[in-house]
Amino acid sequence: MLPLNAIQTWNHVFSWRLDHWSSFIVEDDFKFIARNGLNAVRIPVGWWIASDPTPPWPYVGGSLQVTPPWQLEFQLETQVWCPIFLGIQKTLVYIELLNEPLSPGVTLETINKYYKAGYYAVRKHSTTTYVVMSNRLRPSEPKELFPLANGLMRSVIDVHYYNIFDDSFENMSAQQNIDFIYNNRSSELNFITTSNGPLTFFGKS
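Each residue of the sequence shown is one higher than the one before, counting from 24 in my numbering.
Below you can see the structure in the form of structure tokens.
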């Protein structure tokens, strides 16, 4: 039997859903996408969409009906993306232990100790799941996690590069920022991509 607060919460889901749908993604977002040269949008949906309009509890239906045909108005191709299918939750491909620890507040010694403990905690339950370890943000050595990851099977280093947090990019145009990613980030990625080193995952830029 569900607790009372869960039932009360569920009774508000439908109004919350409508508020979310009417404000999270709006027509101006599609207009912005088209105006900046992109030609497609991806709409994520859950597996329960197959049972619309009355999916099994506790899922909520109607997600495809909520978006007006803005993609047609702005001549955008549409991909309906179903990243999760019923039953695949049993297959865990990877787990990331921590997202973007901030240097210098989080020391290398601390993060190494945490990642090592987290890695072996995962290995108690799975020998095949990839264990992802996020590089520290801000001043840090790009390969500082290599000594740890090299000794851990199926470990991956998650690399995030940001222009937004660096003042030197503020006076650049959008195109100059894009060119920097193509020309400079590629060399940074080549530096950490080695034939005898750990796997790397370029998560964000």
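Even glycine gets a Cβ: it sits at the ideal position worked out from N, Cα and C.
Anticipated Cβ contact below 8 Å, Val-155 with Phe-225, distance rounded: Numbered from 1 along the sequence shown, position 132 holds the residue referred to as residue 155. Numbered from 1 along the sequence shown, position 202 holds the residue referred to as residue 225. The beta-carbon separation of Val-155 and Phe-225, rounded to 12 Å, does not stay under the 8 Å limit for a contact.
Is the beta carbon of Ala-63 closer than 8 Å to that of Gln-98? Translated into the one-based positions of the sequence shown, residue 98 becomes position 75. Translated into the one-based positions of the sequence shown, residue 63 becomes position 40. No.
Please classify Phe-55: does DSSP put it in a helix, a strand, or coil? As a working note, residue 55 is residue 32 in the sequence shown. Looking at Phe-55 - three-state DSSP - the assignment turns out to be helix.
Would you kindly work out how many angstroms separate the C-alpha atoms of Asn-219 and Ile-66, rounded to a whole number? Sequence index remark: in the sequence shown, residue 219 carries index 196 (1-based). Sequence index remark: in the sequence shown, residue 66 carries index 43 (1-based). Cα to Cα, the separation comes out at about 38 Å.
Could you tell me which of Phe-192, Val-179 and Ile-72 sits nearest to Ile-215, measuring between CA atoms? Counted from its first residue, the sequence shown places residue 215 at position 192. For the residues Phe-192, Val-179 and Ile-72, the minimum Cα distance to Ile-215 belongs to Val-179.
Measure the CB-CB distance between Tyr-117 and Tyr-142 and report whether it falls below 8 Å. On the sequence shown, residue 117 is found 94 positions in, with the first residue counted as 1. On the sequence shown, residue 142 is found 119 positions in, with the first residue counted as 1. The answer is no: Cβ separation not under 8 Å.
Over what stretch of residues does the beta strand (DSSP E) that includes Arg-146 continue unbroken? On the sequence shown, position 123 is the one that residue 146 refers to. In the DSSP assignment, Arg-146 falls outside any beta strand (DSSP E) and within the unbroken alpha helix (DSSP H) covering 131-146.
Would you kindly check if the distance between the Cβ of Ser-157 and the Cβ of Pro-124 is under 8 Å? Locating residue 124 in the sequence shown gives position 101, counting from the first residue. Locating residue 157 in the sequence shown gives position 134, counting from the first residue. The Cβ atoms of Pro-124 and Ser-157 sit closer than 8 Å to each other.
3 or more residues per run - each beta strand (DSSP E) lying fully within the region 147-220: DSSP runs (the beta strand (DSSP E)) wholly in the region 147-220: 153-157 and 178-183.
From the DSSP output, in three-state form, read off Gln-94 for me. Mapped onto the sequence shown, residue 94 falls at position 71. DSSP, read as helix, strand or coil, puts Gln-94 in helix.
Decide if Tyr-205 is buried, meaning its Cβ has at least 16 other Cβ atoms within 10 Å, or exposed. Translated into the one-based positions of the sequence shown, residue 205 becomes position 182. By the neighbour-count rule (16 or more Cβ atoms within 10 Å), Tyr-205 is not buried but exposed.
So is Thr-130 buried or exposed if we call it buried at 16+ other beta carbons inside 10 Å? Within the sequence shown, numbered from 1, the residue matching residue 130 stands at position 107. Under this definition Thr-130 is an exposed residue.
Taking DSSP as the reference, what is the three-state secondary structure of Leu-125? Counting from one through the sequence shown, the residue named residue 125 turns up at place 102. In the structure shown, Leu-125 falls within a strand segment according to DSSP collapsed to helix, strand and coil.
Local conformation of Leu-120 per DSSP, three classes: As a position in the sequence shown, residue 120 is number 97, starting the count at 1. Reduced to three states, the DSSP call for Leu-120 is coil.
If you follow the beta strand (DSSP E) that Thr-101 is in, where does it begin and where does it stop? Here residue 101 is taken as the residue at index 78 of the sequence shown, counted from 1. Start and end: 100-104.
Thinking Tyr-137 and Leu-121 are a contact (beta carbons under 8 Å), I'd like their distance in whole angstroms, please. Position 114 of the sequence shown, counted from the first residue, corresponds to residue 137. Position 98 of the sequence shown, counted from the first residue, corresponds to residue 121. With a contact defined as Cβ atoms closer than 8 Å, Tyr-137 and Leu-121 qualify at about 7 Å.
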